[in-house]
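Asker: Below is one structure. I have some questions about it.
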Amino acid sequence: MAKLVIEPGSEELQYWRDLWRYRELFGMLAWRDVMVRYKQTIIGIAWAVLRPVITMLIFTVVFGQLINLASDGGAPYPLMVFAAMLPWQLFASAITGASDSLINEANLVSKVYFPRLLVPSATIVVALIDFAIGVVVLMAMMVWYRVSPPPQIFAVVPLTILAAMLALGPGLLLCAMNVKYRDLRYALPFVTQLGLYVTPIGFSSSIVPDRWRLLFECNPMVGIVDGFRWAILDSVEFPARALAITFGITVLMLLVGVRRFRAVEKTLVDVI
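Laid out in structure tokens, this is it:
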């Protein structure tokens, strides 16, 4: 005869086991998001190319030509900007997609049981695909400018994972808050746009005075952006302290985001 044993903490443990059991659903949600993203669009997947390229051109004209800011280590200015735009676009797209995910899937999450954590996590895949397309454009630019990749080019892989995880933490937190406070989705684009200008995208971190450098590096995207420039162009020194700060903030935000998301998930059906 089967026995049902209820132990303290067993519900939470079962939830994390369900994340693995529903891994196929994760793949289906991610693939569906990709198809929806590009279905019935005029230029389709080219949007993933045009957004960072247009931004790069604007930054090149404004900061590189009008303000005449120097690039890192003599690297071509457009390459310096584009190498920074890739992780930023990944971060901004991932956090925006994750924050809106539960609202967009209201019909699904209110009728069928599955770990709701899969929904915002699956949106990260779309941002990663856009990122991969951008990497192809970056490689073409490096060929055009005759810039050879340095030996540490493969460091881009862990840096990409770090950028995705950095976005997932706040994405989960905003996703949980967005269920109750729907106006947050309108404020997020403004916040991400503001973050674009306080992150070293169109300028080099070297122009920041030493007395402000530690405060500047508390922006977690500083370590990732400078890490990408180090890995792709070898135009800056390895940003060890900035990446350590980024890693610490990433872990903290993941813990806060998951905790808040799990708290909201228990009453999600009643609120959404």
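Counting along the sequence shown from 1, when you hit position 11 you're at 6 in our numbering, and nothing is skipped either side. Glycine included, C-beta positions come from ideal geometry on N, C-alpha and C.
1. Whose C-alpha, out of 205, 217, 179, 17, is nearest the C-alpha of residue 190?
2. Does the stretch 242 to 249 touch the stretch 90 to 105, meaning 3 or more C-beta pairs lie closer than 8 Å?
3. Is the Cβ-Cβ distance between residue 174 and residue 259 less than 8 Å?
4. Return the chain-ordered ranges of every beta strand (DSSP E) run that is complete within the stretch 124 to 163 and spans a minimum of 3 residues.
5. My guess is that residue 253 and residue 167 are in contact by the Cβ rule of under 8 Å, so how many angstroms apart are they, rounded?
6. Would you identify the three-state DSSP class for residue -1, choosing helix, strand or coil?
7. In terms of residue numbering, what span does the alpha helix (DSSP H) encompassing residue 112 cover?
8. Going by beta carbon distance, what residues of the same chain come within less than 6 Å of residue 162, once the five residues before and after it are set aside?
9. Which value, in whole angstroms, describes the spacing of the CA atoms of residue 102 and residue 20?
10. Roughly how many whole angstroms lie between the Cα atoms of residue 137 and residue 32?
11. With a threshold of 16 other CB atoms inside 10 Å of the CB of residue 22, please say whether the residue is buried or exposed.
12. Closer than 7 Å by C-beta to residue 114: which residues in its own chain qualify, once you throw out the five before and the five after it? Chain order, please.
13. So what does DSSP say about residue 212, is it helix, strand or coil?
14. Given this structure, state the Cα-to-Cα distance separating residue 150 from residue 233, to the nearest angstrom.
15. Count the other C-beta atoms from every protein chain shown that fall within 10 angstroms of the C-beta of residue 158, then say buried if there are 16 or more, exposed otherwise.
16. Quick check: what's the CA-CA separation for residue 44 versus residue 193?
17. When you compare each of 107, 165, 121, 81 to residue 133 by their alpha carbons, which one comes out closest?
18. Can the beta-carbon of residue 183 be found less than 8 Å from the beta-carbon of residue 169?
19. Could you check the C-alpha separation between residue 235 and residue 219 for me, to the nearest Å?
20. Are residue 204 and residue 142 closer than 8 Å when you measure CB to CB?
21. Which residues in the same chain as residue 116 place their Cβ atom closer than 8 Å to its Cβ, once the five residues preceding and following it in sequence are excluded?
22. Helix, strand or coil for residue 49 per DSSP?
23. Out of 73, 229, 53, 46, state which residue places its alpha-carbon closest to the alpha-carbon of residue 139.
24. Among the residues of its own chain, which have a CB less than 7 Å from the CB of residue 46, if the five just before and after it don't count?
25. Tell me the rounded alpha-carbon separation between residue 50 and residue 8.
Answerer: Let me lay it out:
1. By one-based count along the sequence shown, residue 190 stands at place 195. Of the listed residues, the one whose Cα sits closest to residue 190 is 217.
2. Cβ pair count under 8 Å is below three, so no.
3. Mapped onto the sequence shown, residue 174 falls at position 179. Mapped onto the sequence shown, residue 259 falls at position 264. Contact: yes.
4. None, since the stretch 124 to 163 contains no complete beta strand (DSSP E) of that length.
5. Indexing the sequence shown from 1 puts residue 253 at position 258. Indexing the sequence shown from 1 puts residue 167 at position 172. 6 Å between Cβ atoms; contact.
6. Indexing the sequence shown from 1 puts residue -1 at position 4. Low local confidence applies: a pLDDT of 41 at residue -1 is under 50, so the model's placement there is unreliable, and no value is given.
7. Within the sequence shown, the letter at position 117 stands for residue 112. Counting along the chain, residue 112 falls outside any alpha helix (DSSP H), and DSSP gives it neither H nor E.
8. Within the sequence shown, the letter at position 167 stands for residue 162. Contacts found: 86, 89, 90.
9. The residue given as residue 102 occupies position 107 in the sequence shown. The residue given as residue 20 occupies position 25 in the sequence shown. Distance from the CA of residue 102 to the CA of residue 20, rounded to the nearest whole angstrom, comes to 16 Å.
10. Translated into positions along the sequence shown, residue 137 becomes position 142. Translated into positions along the sequence shown, residue 32 becomes position 37. Those two C-alpha atoms are separated by around 28 Å.
11. As a first step, residue 22 is located in the sequence shown; it is residue number 27 there, counting from the start. Residue 22 comes out exposed.
12. Residue mapping note: residue 114 aligns to position 119 of the sequence shown, counting from 1. Answer for residue 114: 24, 96, 97, 100, 104, listed in chain order.
13. If you number the sequence shown from 1, residue 212 lands on position 217. In this structure, residue 212 counts as helix in the three-state DSSP scheme.
14. Residue mapping note: residue 150 aligns to position 155 of the sequence shown, counting from 1. Residue mapping note: residue 233 aligns to position 238 of the sequence shown, counting from 1. Taking the straight line from one Cα to the other gives about 11 Å.
15. By 1-based counting over the sequence shown, the position of residue 158 is 163. Answer is buried; the Cβ neighbour count reaches 16.
16. Translated into the one-based positions of the sequence shown, residue 44 becomes position 49. Translated into the one-based positions of the sequence shown, residue 193 becomes position 198. So the two alpha carbons sit approximately 23 Å from each other.
17. On the sequence shown, residue 133 is found 138 positions in, with the first residue counted as 1. Measuring from the Cα of residue 133, the nearest candidate turns out to be 81.
18. Walking along the sequence shown from the start, residue 183 turns up at place 188. Walking along the sequence shown from the start, residue 169 turns up at place 174. With respect to residue 169, residue 183 sits close: the two C-beta atoms are nearer than 8 Å.
19. Taking the first residue of the sequence shown as position 1, residue 235 is located at position 240. Taking the first residue of the sequence shown as position 1, residue 219 is located at position 224. Between residue 235 and residue 219, the alpha-carbon positions lie close to 10 Å from each other.
20. As a first step, residue 204 is located in the sequence shown; it is residue number 209 there, counting from the start. As a first step, residue 142 is located in the sequence shown; it is residue number 147 there, counting from the start. Cβ distance not < 8 Å, so residue 204 and residue 142 don't count as in contact.
21. Your numbering for residue 116 matches position 121 in the sequence shown. Within the same chain, residue 116 has close Cβ partners 21, 93, 163.
22. Counting from one through the sequence shown, the residue named residue 49 turns up at place 54. Reduced to three states, the DSSP call for residue 49 is helix.
23. Translated into positions along the sequence shown, residue 139 becomes position 144. Here the closest residue by C-alpha is 73.
24. Position 51 of the sequence shown, counted from the start, is the residue given in the question as residue 46. Around residue 46: 84.
25. Counting from 1 along the sequence shown, the entry for residue 50 is found at position 55. Counting from 1 along the sequence shown, the entry for residue 8 is found at position 13. C-alpha separation (whole angstroms): 44 Å.
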